[in-house]
Ligand code: C5P
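Residue numbers (UniProt numbering): 1 to 205.
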């Protein structure tokens, strides 16, 4: 069983994907980490994330990069969003994601284009979303918990910028697959969102 979980930044898709993997005993791949690793590598190379050649050159990052804690920071998320618009980058990362998806026994992958590009054949597709306000508030709280003090308005503006880039790019734009189950987590707590996702998977498979 392949479970595809897509959605915008801070929608809760990562938390949901992780919980589904645990619940159904499946391996999980957070595909955003691959784009974050490319973004981080471009930065380390002194390259330009908006340049396709520089971004492609950064796709040869080493596996240990995926464990680098700086991948999670906001700056790297912004770089990831910029390198991910390049077709060259998306195709360089395709095989690795596809191989993970079709491994024996199944898998859970979360990202932006899992149900549309990486695994259009997934048995279960969830599109996890939430209002910009709800997502900004969550991201802001998370940052405060980590001791990062940024005004809510700045977090809100940054989210909108990333949403806009992810939705309007020509390659694999962020969009719900036509056969995806849309889960809006704006009004849901973490446990409620996870329970709703498990129920949706049970229904769909
Ligand atoms: O999900 P996360 O915030 O870690 O992703 C970082 C960026 O990587 C996203 O803003 C998006 O631009 C890009 N991405 C993508 N396709 C994926 C996963 C992430 O384009 N499957």
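The C-beta atom is built at its ideal place from N, Cα and C for all residues, glycine as well.
Owing to the predicted nature of the structure, the values given are computational and were not obtained by experimental measurement.
Do residue i and residue j have their CB atoms nearer than 7 Å?
i: residue 128; j: residue 12; result: yes
i: residue 38; j: residue 108; result: no
i: residue 122; j: residue 2; result: yes
i: residue 132; j: residue 143; result: no
i: residue 52; j: residue 88; result: yes
If you follow the alpha helix (DSSP H) that residue i is in, where does it begin and where does it stop?
i: residue 159; result: 152-168
i: residue 108; result: Premise fails: residue 108 lies in the beta strand (DSSP E), 107-111, not in any alpha helix (DSSP H).
i: residue 76; result: 74-83
i: residue 63; result: Element bounds for residue 63: n/a, residue is neither H nor E.
i: residue 44; result: 32-45
For residue i, which residues in the same chain have their Cβ closer than 6 Å to its Cβ, ignoring the five residues on either side in sequence?
i: residue 97; result: 31, 118
i: residue 81; result: 162, 165
i: residue 148; result: none
Tell me which same chain residues have a C-beta within less than 7 Å of the C-beta of residue i, skipping the five on either side of it?
i: residue 48; result: 54
i: residue 203; result: none
i: residue 76; result: 36, 39, 40, 70
i: residue 182; result: 127, 129, 176
i: residue 33; result: 66, 71
Tell me which same chain residues have a C-beta within less than 8 Å of the C-beta of residue i, skipping the five on either side of it?
i: residue 177; result: 4, 6, 115, 116, 120, 125, 127
Please report the Cβ distance between residue i and residue j, rounded to the nearest whole angstrom; I am assuming they are in contact, meaning their Cβ atoms lie under 8 Å.
i: residue 135; j: residue 15; result: With 8 Å as the limit, residue 135 and residue 15 do not qualify as a contact, their Cβ atoms being about 12 Å apart.
i: residue 171; j: residue 85; result: 6 Å
i: residue 59; j: residue 92; result: 4 Å
i: residue 29; j: residue 106; result: That pair is no contact at about 12 Å.
Specify, as a first and last residue, the run of the beta strand (DSSP E) that residue i falls within.
i: residue 50; result: Note, residue 50: premise wrong, no beta strand (DSSP E); not H, not E.
i: residue 129; result: 124-129
Within the chosen definition, does the segment 2-19 reach the segment 185-194 through at least 3 CB pairs nearer than 8 Å? yes
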